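Reading through the structure tokens given below for one structure.
Chains as they are written, first to last, in the working numbering: chain Y, 6 to 274; chain R, 59 to 348.
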């Protein structure tokens, strides 16, 4: 048997078994991953100060390490921290009023209260954005949608979400094509930001009009593939059934976060 | 059995004034390969869309006359049921990729999943189609990153996989090189052999002449002529309607104009080769006798 046909057989055989993403955490039910990360992300809201948010931000790299996605997750998360987190922290810390300014820089007089509030706000945002970033490293939207469909969400709803993600990529690709076409006609598209903006805005109309125009064709094409058939759809890709221990983890995390919010409401913290 | 019966059918798309189809009277039989030919904007795609119920069930407009598909009025068909009975390969390969599948293999399987076929059967069926269309090299690729020609093949495979009794194909070779076009037509011929009814829009007249049982010629939304392939391509009605004919038929016409007509007008290359061979043999005999 040639290596090419051997590869083809191996490729097809992967549809005969459960999806294996090569790691127990990444093999978890995507809905469980989503619920656990969402619960962890909102947990710091229940606590005063920034310590809880900081702990949550530190939990993500640990999860990423165990899931084998640290190399993908950490650089992105660090960039988010440096760009978004730092800007949010500086803006909040600098402009929140308080007593005993730490120092003065013209009209800007940061206070300890401002620094604390800035740190809390920035870390809360980082806790939420970290969860989103980590989710996309741990699970794929495609598998999440499949898991939702298996639990009764309509194929139309999952299609809209998946196609929206793809349409972002398609729009970008189409915009590049139009931009290159303009370039080949001698229109200046490179240079400073004003030149780039001047070249970019005129392409928006054709790109979006083409996308709108294609929507109808896509819908009819999908109908030709029996998308609207009344029988329950089957699925070629097989997701591993949710293991009891995954459910236990999800229930424990959600219960803990719920307890934290109840505690916050009744004044434990 | 009658596949479609159109009586006095006209169709005007919503928000347009000119009808795309005008007073079409046509009966299509099952089990045959019909080719729909005509210049641009002659109504070919609209006729195909009508046979599949896309007009007026999806694209709104004004339909007059009566259109019956497999003995039932088109307007009485459930669109989902029609999608199972009649497969449709669209002209634009870029809008036929679902955009939600990671590999070509899964893309071809989408229609079967939607029909509720068990996964093991889906795998077997897709493997068959992949082999039939020689798509082995593409199965693991992302369908969103294929070229136009590759997408066209995948879109074609996706519909073939669904195994509908009737397949409407709108310009399946528009993005393909000659070799791939021949391969697609060979598959279409096999589909016909297996009992499928096929309605095909195609501009490559040589291929139409070689494979089609009957030809429907349209111009300006009107039916010019419908009949057996050789009759249609040799009909003077085509000349008057600016509809292209196979190269060998044009050649035979040219020979008539220079006073050297062939014994009959060929429409396929094989026929032309046979007639020219006979002419050459006759010619050399004439030379020897001189």
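Where a beta carbon is used, it is the ideal one built from N, C-alpha and C, also for glycine.
These figures come from a predicted structure and were not determined experimentally.
With a threshold of 8 Å between beta carbons, is residue i in contact with chain R?
| i | result |
| --- | --- |
| residue 164(Y) | yes |
| residue 181(Y) | no |
| residue 22(Y) | no |
| residue 6(Y) | Only weak support is given to the placement of residue 6(Y): the predicted model assigns it a pLDDT of 44, under 50, and the question is left unresolved by the model. |
| residue 159(Y) | no |
| residue 186(Y) | no |
| residue 95(Y) | no |
What does a CB cutoff of less than 8 Å around residue i pick up in its chain, not counting 5 residues either side in sequence?
| i | result |
| --- | --- |
| residue 300(R) | 97 and 277 |
| residue 155(R) | 165, 201, 202, 204, 209, 212 and 213 |
| residue 206(R) | 151, 152 and 233 |
| residue 216(Y) | 172, 175, 176 and 179 |
Just verifying my parser: in three-state terms, what is the DSSP assignment at residue i?
| i | result |
| --- | --- |
| residue 182(Y) | helix |
| residue 253(Y) | helix |
| residue 246(Y) | coil |
| residue 198(R) | coil |
| residue 76(Y) | helix |
| residue 221(Y) | helix |
| residue 123(Y) | helix |
| residue 130(R) | strand |
| residue 229(R) | coil |
| residue 92(R) | strand |
| residue 78(R) | coil |
| residue 286(R) | strand |
| residue 136(Y) | helix |
| residue 192(Y) | coil |
| residue 86(Y) | helix |
| residue 179(R) | helix |
| residue 176(Y) | helix |
| residue 174(R) | coil |
| residue 231(Y) | coil |
Going by beta carbon distance, what residues of the same chain come within less than 7 Å of residue i, once the five residues before and after it are set aside?
| i | result |
| --- | --- |
| residue 245(R) | 190 and 191 |
| residue 89(R) | 253 and 255 |
| residue 69(Y) | 75, 78, 79, 139 and 142 |
| residue 275(Y) | As shown, chain Y starts at 6 and ends at 274. That puts residue 275(Y) outside it, with no answer to give. |
| residue 212(Y) | 176, 179, 180 and 183 |
At the 8 Å Cβ level, is residue i part of the contact set with chain Y, yes or no?
| i | result |
| --- | --- |
| residue 123(R) | no |
| residue 252(R) | no |
| residue 220(R) | yes |
| residue 230(R) | no |
| residue 312(R) | no |
| residue 153(R) | yes |
| residue 116(R) | yes |
| residue 350(R) | What the structure shows of chain R is the stretch from 59 to 348, and residue 350(R) is not part of that stretch, so it cannot be assessed. |
| residue 345(R) | Bear in mind that a pLDDT of 45 at residue 345(R), under 50, signals an unreliable position, so the model cannot answer this. |
| residue 156(R) | yes |
| residue 306(R) | no |
| residue 206(R) | no |
| residue 363(R) | One cannot answer for residue 363(R) here, as it falls past the ends of chain R, which runs 59 to 348. |
| residue 181(R) | yes |
Have a look at residue i and residue j and give me their C-alpha separation to the nearest angstrom.
| i | j | result |
| --- | --- | --- |
| residue 53(Y) | residue 274(Y) | 7 Å |
| residue 24(Y) | residue 239(Y) | 16 Å |
| residue 320(R) | residue 308(R) | 12 Å |
| residue 236(Y) | residue 292(R) | 48 Å |
| residue 169(Y) | residue 249(Y) | 33 Å |
| residue 32(Y) | residue 231(R) | 42 Å |
| residue 324(R) | residue 196(R) | 39 Å |
| residue 34(Y) | residue 87(Y) | 32 Å |
| residue 219(R) | residue 55(Y) | 57 Å |
| residue 329(R) | residue 92(R) | 20 Å |
| residue 245(Y) | residue 14(Y) | 21 Å |
| residue 278(Y) | residue 37(Y) | Look at the range of chain Y in this structure, 6 to 274, and you will see that residue 278(Y) is not part of it. |
Check each candidate in the options and name the one with the smallest Cα separation from residue i.
| i | options | result |
| --- | --- | --- |
| residue 41(Y) | 268(Y), 265(Y), 257(Y) and 113(Y) | 257(Y) |
| residue 165(R) | 138(R), 210(R), 136(R) and 149(R) | 210(R) |
| residue 58(Y) | 252(Y), 260(Y) and 131(Y) | 131(Y) |
| residue 273(R) | 74(R), 76(R) and 94(R) | 94(R) |
| residue 97(Y) | 115(Y), 21(Y) and 164(Y) | 115(Y) |
| residue 66(Y) | 37(Y), 268(Y), 135(Y) and 28(Y) | 135(Y) |
| residue 178(R) | 267(Y), 241(Y) and 253(Y) | 241(Y) |
| residue 102(R) | 198(R), 332(R) and 229(R) | 229(R) |
| residue 124(R) | 224(R), 223(R), 281(R) and 69(R) | 69(R) |
| residue 186(Y) | 202(Y), 159(Y), 44(Y) and 208(Y) | 208(Y) |
| residue 361(R) | 76(R), 75(R), 84(R) and 74(R) | This structure leaves residue 361(R) out entirely; chain R is present only between 59 and 348. |
Sorted by chain position, which residues of the same chain lie with C-beta nearer than 6 Å to residue i's C-beta, five sequence neighbours on each side aside?
| i | result |
| --- | --- |
| residue 317(R) | none |
| residue 73(Y) | 28 |
| residue 188(Y) | 194 |
| residue 216(R) | 166 and 169 |
| residue 266(Y) | 51 |
Could you work out which residues of chain C lie near residue i, taking near to mean beta carbons separated by less than 7 Å?
| i | result |
| --- | --- |
| residue 232(Y) | Of the chains in the structure shown, none is chain C; the protein chains are Y and R. |
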